[in-house]
Amino acid sequence: MNSQQLRALLHSMSLKEKVFQLVQIPGQYFRAGVTDTGTAAEDVLSEEELTLVGSTLGVFGAESTESIQRIHMTRHPHGIPLLFMHDVIHGLRTAFPMPLALGASFSPSLVERCSAAAAEESAASGLHVTFAPMLDLVRDARWGRVMESFGEDPFLNGKLGCASIKGFRGGNGDAPLPGRVASCVKHFAAYGAAEAGRDYSGANISRRQLQEAYLPAYRKGVEAGADLVMTSFNTVEGIPVTGNKEMIKSTLRDKWGFHGVLISDWNAIGEMVAHGVCADQRQAAKLAMDCGIDIDMCSLAYARHLEALVSDGEIREEQVDAAVLRVLELKNCLGLFNDPFRYASPERENRSILSETHRALAREAVSESAVLLKNAGEKPLLPLSPDVNAVWIGPFVESRELHSAWAVSADPSDTVSVREAAEDVARAEGRLFSYVEGCPMTCREDLGPLSEENNVLRFREDNPPLLSPEAVEEPLIREAASAAGRADVVIACLGEHRLMSGEGASRGDLSLPAPQLALLRELYRTNRNIVSVIFTGRPLDLRDVCALSRSVLLVWMPGTEGGSGVLDLLTGHAEPGGRLSMSMPYSVGQVPIYYNHPSTGRPKPADTKVPRYISSYIDIPNSPLFPFGYGLGYTSFTLSEQSIETNEASLQTDGTLKPVRVSVTVKNTGSRRGKSVLQLYVRRPSDGAAAPVMELKAFQKIAFDPGEKREISFLIGYDELSHFGTDGNPSVEKGEYRIAIGLDSEVGSWLSLTIT
Ligand code: GLC
72 MNSQQLRALL
82 HSMSLKEKVF
92 QLVQIPGQYF
102 RAGVTDTGTA
112 AEDVLSEEEL
122 TLVGSTLGVF
132 GAESTESIQR
142 IHMTRHPHGI
152 PLLFMHDVIH
162 GLRTAFPMPL
172 ALGASFSPSL
182 VERCSAAAAE
192 ESAASGLHVT
202 FAPMLDLVRD
212 ARWGRVMESF
222 GEDPFLNGKL
232 GCASIKGFRG
242 GNGDAPLPGR
252 VASCVKHFAA
262 YGAAEAGRDY
272 SGANISRRQL
282 QEAYLPAYRK
292 GVEAGADLVM
302 TSFNTVEGIP
312 VTGNKEMIKS
322 TLRDKWGFHG
332 VLISDWNAIG
342 EMVAHGVCAD
352 QRQAAKLAMD
362 CGIDIDMCSL
372 AYARHLEALV
382 SDGEIREEQV
392 DAAVLRVLEL
402 KNCLGLFNDP
412 FRYASPEREN
422 RSILSETHRA
432 LAREAVSESA
442 VLLKNAGEKP
452 LLPLSPDVNA
462 VWIGPFVESR
472 ELHSAWAVSA
482 DPSDTVSVRE
492 AAEDVARAEG
502 RLFSYVEGCP
512 MTCREDLGPL
522 SEENNVLRFR
532 EDNPPLLSPE
542 AVEEPLIREA
552 ASAAGRADVV
562 IACLGEHRLM
572 SGEGASRGDL
582 SLPAPQLALL
592 RELYRTNRNI
602 VSVIFTGRPL
612 DLRDVCALSR
622 SVLLVWMPGT
632 EGGSGVLDLL
642 TGHAEPGGRL
652 SMSMPYSVGQ
662 VPIYYNHPST
672 GRPKPADTKV
682 PRYISSYIDI
692 PNSPLFPFGY
702 GLGYTSFTLS
712 EQSIETNEAS
722 LQTDGTLKPV
732 RVSVTVKNTG
742 SRRGKSVLQL
752 YVRRPSDGAA
762 APVMELKAFQ
772 KIAFDPGEKR
782 EISFLIGYDE
792 LSHFGTDGNP
802 SVEKGEYRIA
812 IGLDSEVGSW
822 LSLTIT
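Take the sequence shown: its letters are residues 72 to 827, numbered as in my numbering.
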């Protein structure tokens, strides 16, 4: 349809028909193949109202979406097709490593490929929109949804977010390509700043932090062509974002020029009553519409009150028209008016879901995102030598729950477990393999109150029972300790259960589950050669794990090919390519902790002995256990003195800046080919406020052969030196900039560049 036809359609609709185009309902109304990701509303729609809705979420599958669409088209008075939306966060049925793992890959191309594969499976299954990427900046590992973010850095989040959007949509064009899906950036804005790491609590951050750290990645996502933006549950400066005119109209619509569809998060409109900002659902509907929220996800506030608000003159019908037109334009750009069934294809679905290509990519992504935190000793244990007699111990050896809490459509039965992969390798390469459970995954208490009706958290019947603390069987641990004593090396596969992170899964303690720490201590008693493989949705307090292990490999929640990827890493067929995109705290007491923090009036000098009357703790260090950007490989690198082609540059009259080259020579000093992630950090001068002590502004992930030496350069231009002021506009301060290239954020020497 062209725009005239769309407007004609709009004007042929009754007010009620328009209002219901803005209503999104959970797929359970249609029952077939539904994955619920929120709580069911008390209020429900009538059959007649159901025929009018504009979109649904949580339903996928070529056959079920086709049959639902066919029925809907016949019932809708204007034959307007439904939009099918879903949380395809890191894969539909092929679950890739979770986003915080992909963040550690420092690989935009990998992220793009994973999103493209997820889009193929989704489109073939009848989906039109994915609620991804999540571009919330995260600094607080207590928050369960850190697993869904790319990490703590605005620049990295922006780069990977754009790559993900390009992968989902098939490019940055006006419309997603056939066979791909529309992308919805979320959760606008600053949801990751939930106070105390407690989900849904307010984001009490300064305007400067909002502009400098939390908003840039969403802005990059809008610039990359995101088709929708989802507003968040939280408040910013006390106002729920879903009812925050300044955030939505001034920033998102006017300053950033976002003209796509704005959808609320699940019941976020209705929750403005609980926030105490709206007296009732009618007032919430009015506030949301006045802010320009187009689609009401699952609160029914629009369904119940928009018509009356128009009739009573409290909102203008033109406001409703504008929202409906954006929804119709989205359906049109997806081609749904030409062919409402062009997405659902059982043939393409069978061909793409869990295809060998997708599995191979998922397996590659495991090694590219895994972070080797420790590999100590004269002769490091990793990669394992072929003849080593290793015993595999721990709850993650057999578990198939290797996908994150947000892989809501993945089926554990499709997952390759560590045990399966290890036994395959043992057969293929003649390696010894033995396995002992050692301890249960966790205790039910670790998971908090699980609501039975929320089937994202409901345990699968085939899941091993979760035991209470007293049920941690001594014999299990004793058997494991003696098995460890008979082996050369212990591979301890430990971590957080996948449902201990994700939405609504904030934790006040970042330790491994108690039974697993007890097991590790017992193993250490009988064998010091321990490789700990850590599965987790968040940074954890790994002090004990590191003290008790010679090697520590962090594999996050690695997804469907988790077992295969882990074996590739342990046997050396692949090397750990990840570098932390979120600081690993020393303890929960440091949290929120992030590398690009503002300077303080009393910085703690590195050699301080008496930590008093300076910015420090008296009982723990300031620095994280492992810093942002950190990660080991199976080879080693040296960096030469870095150089800069000039120490002075001037802003041109038009505000631009002639790029300045910074270089360093990198050498692979090890005996095997390996990748290095070179990171460029900048410390800018103050603009009157305390500036971050450093900020990532560029990175390159490059492979080097053994002994290879190469000069690597970066160009420092306007983008690398600019920052967002409290007005949300980028600017470059005049003054001295310090620049460093490093292998992580703990850089040593700095170069100087003065901008005049
Ligand atoms: C959830 C999440 C959001 C998700 C939406 C639909 O509450 O906050 O990320 O996309 O509801 O499932």
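Cβ coordinates follow ideal geometry from the N, Cα and C atoms, glycine included.
No experiment lies behind these values; they were computed from the predicted model shown.
From which residue to which residue does the beta strand (DSSP E) around Ile601 run?
Residues Ile601 to Phe606.
Suppose you measure from the CA of Ala339 to the CA of Ala267; what does that come to, to the nearest Å?
Each residue's alpha carbon lies about 20 Å from the other.
Quick one: using the 10 Å Cβ neighbour count with 16 as the cut-off for buried, is Ile334 buried or exposed?
Only buried fits Ile334, as 16 or more other CB atoms lie within 10 angstroms of its CB.
Alpha carbon to alpha carbon, how far is Arg531 from Asp482?
Reliability of the predicted coordinates at Arg531 is poor, the pLDDT of 37 falling under 50, and the value obtained from them is presented with this limitation in mind. The straight-line gap from Cα to Cα measures roughly 10 Å.
Could you work out which residue in Ala194, Cys510 and Met84 is closest to Gly566 when comparing CA atoms only?
Relative to Gly566, the option among Ala194, Cys510 and Met84 whose CA is nearest is Cys510.
Chain-order list of residues whose beta-carbon lies under 7 Å from that of Ala552 (same chain, five-residue window excluded)
Closer than 7 Å at the Cβ level, and outside the excluded window around Ala552, lie Glu593, Leu594, Arg596 and Thr597.
Can you list, in chain order, the stretches of the beta strand (DSSP E) that have 3 or more residues and sit fully within the segment 124-177?
Fully enclosed beta strand (DSSP E) runs of 3 or longer: 126-128 and 154-157.
Given the structure, does Phe202 come close to the ligand GLC, in the sense that its CB is under 6 Å from one of the ligand's heavy atoms?
Within the cutoff, so yes.
Count the other CB atoms within 10 Å of the CB of Ser522; is the residue buried (16 or more) or exposed (fewer)?
With a pLDDT of 43 at Ser522, under the threshold of 50, the modelled position of this residue cannot be trusted, and the question is left open.
Along the alpha helix (DSSP H) that carries Arg498, what are the first and last residues, could you check?
That run of the alpha helix (DSSP H) goes Val489 to Glu500.
Can you find the residues in the same chain that come closer than 7 Å, C-beta to C-beta, to His147, ignoring five residues on each side of it along the sequence?
Correct list, in chain order: Thr122 and Leu123.
Between Ser687, Ile664 and Leu206, which has its C-alpha nearest Glu219's C-alpha?
Taking only the C-alpha atoms, the option nearest Glu219 is Leu206.
Any heavy atom of the ligand GLC closer than 6 Å to the Cβ of Trp337?
For the ligand GLC, at least one heavy atom lies less than 6 Å from the Cβ of Trp337.
Just the C-alpha distance for Asn800 and Pro249, rounded to the nearest angstrom, thanks.
Their backbone Cα atoms lie some 36 Å apart in a straight line.
Roughly how many whole angstroms lie between the Cα atoms of Lys316 and Glu388?
As the crow flies, the alpha-carbon of Lys316 is around 19 Å from that of Glu388.
According to DSSP, is Gln92 helix, strand or coil?
DSSP, read as helix, strand or coil, puts Gln92 in helix.
If I measure Cβ to Cβ from Ile716 and keep anything under 7 Å in the same chain, skipping five residues before and after, which residues do I get?
Going by the sequence as given, residue 716 is Glu instead of Ile. Contacts found: Val731 and Arg732.
For Arg502 and Thr631, I'd like the C-alpha separation in whole angstroms.
The alpha-carbon atoms of Arg502 and Thr631 are separated by roughly 24 Å.
Where does Cys617 fall in DSSP's three states?
In the three-state DSSP reduction, Cys617 falls in the helix class (H, G or I).
Between the Cα of Arg835 and those of Met156, Phe226 and Lys320, spot the shortest distance and give me the residue it belongs to.
An answer regarding residue 835 cannot be provided, because it is not within the stretch 72 to 827 covered by the chain.
In this structure, does DSSP put Arg531 in helix, strand or coil?
Caution applies to Arg531, whose pLDDT of 37 falls short of 50 and renders its modelled position unreliable; the model cannot decide the point.
Pro311 in three-state terms, based on DSSP:
In the structure shown, Pro311 sits in a strand (DSSP, three-state: E or B).
Of the choices Pro204, Ser277, Leu696 and Asp392, whose alpha-carbon is the least far from that of Met301?
Closest by alpha carbon: Pro204.
Assign Leu594 to one of three DSSP states: helix, strand, or coil.
Three-state result, Leu594: helix.
With a threshold of 16 other CB atoms inside 10 Å of the CB of Asn228, please say whether the residue is buried or exposed.
It is buried - the Cβ of Asn228 has at least 16 other Cβ atoms within 10 Å.
Going by the CB atoms, is the gap between Val293 and Phe329 shorter than 7 Å?
Against a cut-off of 7 Å, the Cβ pair of Val293 and Phe329 comes out as a contact.
Based on the DSSP output, what are the partners of Val442 in its beta bridges?
Looking at the DSSP assignment, Val442 forms a beta bridge with Leu625.
Host beta strand (DSSP E) of Thr706 (start-end):
Judged by DSSP secondary structure, Thr706 falls outside any beta strand (DSSP E); it is assigned neither H nor E.
For the 8 Å Cβ check, are there 3 or more pairs between the segment 392-401 and the segment 130-146?
Cβ pair count under 8 Å is below three, so no.
Measure the alpha-carbon distance for Val616 versus Arg353 and round it to whole angstroms.
The alpha-carbon atoms of Val616 and Arg353 are separated by roughly 53 Å.
Limits of the unbroken alpha helix (DSSP H) element including Leu380
For Leu380, the enclosing alpha helix (DSSP H) covers residues Ala372 to Ser382.
Could you tell me the boundaries of the alpha helix (DSSP H) in which Val637 lies?
Residues Gly633 to Thr642.
How would you write the range of the alpha helix (DSSP H) that Arg78 sits in, first residue to last?
Its alpha helix (DSSP H) spans residues Ser74 to Ser83.
When you compare only the Cα positions, how much space is there between Lys320 and Cys362?
Going by C-alpha positions, Lys320 is about 6 Å away from Cys362.
Could you work out which residue in Glu646, Ser622 and Pro584 is closest to Val602 when comparing CA atoms only?
Considering only alpha carbons, the answer is Ser622.
In angstroms with no decimal places, state the Cα-to-Cα distance between Ser823 and Glu646.
Rounded to whole angstroms, the gap between the alpha carbons of Ser823 and Glu646 is 35 Å.
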